[in-house]
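Below: one structure, written as structure tokens.
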Amino acid sequence: MSNPTLGAGPITQKVATAVEKFHVVKLGATGIAPSGAADLPYGAVAQSGAPAATREDNNLTHGLPSVLAVHTVGVLPLTKASAVAFATGEPVYAAAGGKVAKTGTQCVGIAVKASAASDTTVRTQLAGPFVPAPA
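This is the structure in structure tokens:
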């Protein structure tokens, strides 16, 4: 008997490069990293993470998690790259450093709630799964 692969909900991935919560990420051979404006977005994270670090003996401190749940569908408040307003229903694009912008080449979703220029995030319905742009 085979085990099913669930296709709904977040998928856990190793963290290759430190990521911040509410940022868009890309997927590579070693794990997730902040997505750039031209990168193919994989999804978004709801918490910060960092690559696994070696701990010294008797060191009981915990750093950031090295495995994160990556959301490819659903609604998340994504961090804006600049102070711009979004209207409900406007497209949301990937920007540098895993942030989002009003314009760009990789659409990551749609603003589900208006966001003032002074807001740091925009509530975004993710438009995954993401596919490469035609060549």
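Residue 135, in my numbering, is where the sequence shown stops; the numbers in between run on with no holes. The beta-carbon is built from N, C-alpha and C at its ideal position, and this holds for glycine as well. The structure displayed is predicted, hence computed values, not measured ones.
Query: I need the DSSP call for G109, collapsed to helix, strand or coil.; Result: strand
Query: Inspect the beta-carbon positions of V24 and P51 and report whether they are closer than 7 Å.; Result: no
Query: Going by DSSP, what residue range makes up the beta strand (DSSP E) through R55?; Result: Element bounds for R55: n/a, residue is neither H nor E.
Query: What would DSSP say about G97, mapped onto helix, strand or coil?; Result: helix
Query: What does the Cβ neighbour count give for Q47, buried or exposed, with the cut at 16 atoms within 10 Å?; Result: exposed
Query: Taking the beta carbon of S35 as the centre, do at least 16 other beta carbons fall within 10 Å, making it buried, or is it exposed?; Result: buried
Query: Taking the alpha carbon of A81 as the reference point, which residue from A87, T17, G89, T120 has its own alpha carbon closest?; Result: T120
Query: Tell whether a beta-carbon distance below 7 Å holds between S115 and V108.; Result: no
Query: Looking at the secondary structure, which residues open and close the beta strand (DSSP E) in which K26 lies?; Result: 23–28
Query: Identify whether V70 lies in helix, strand or coil by the three-state DSSP scheme.; Result: strand
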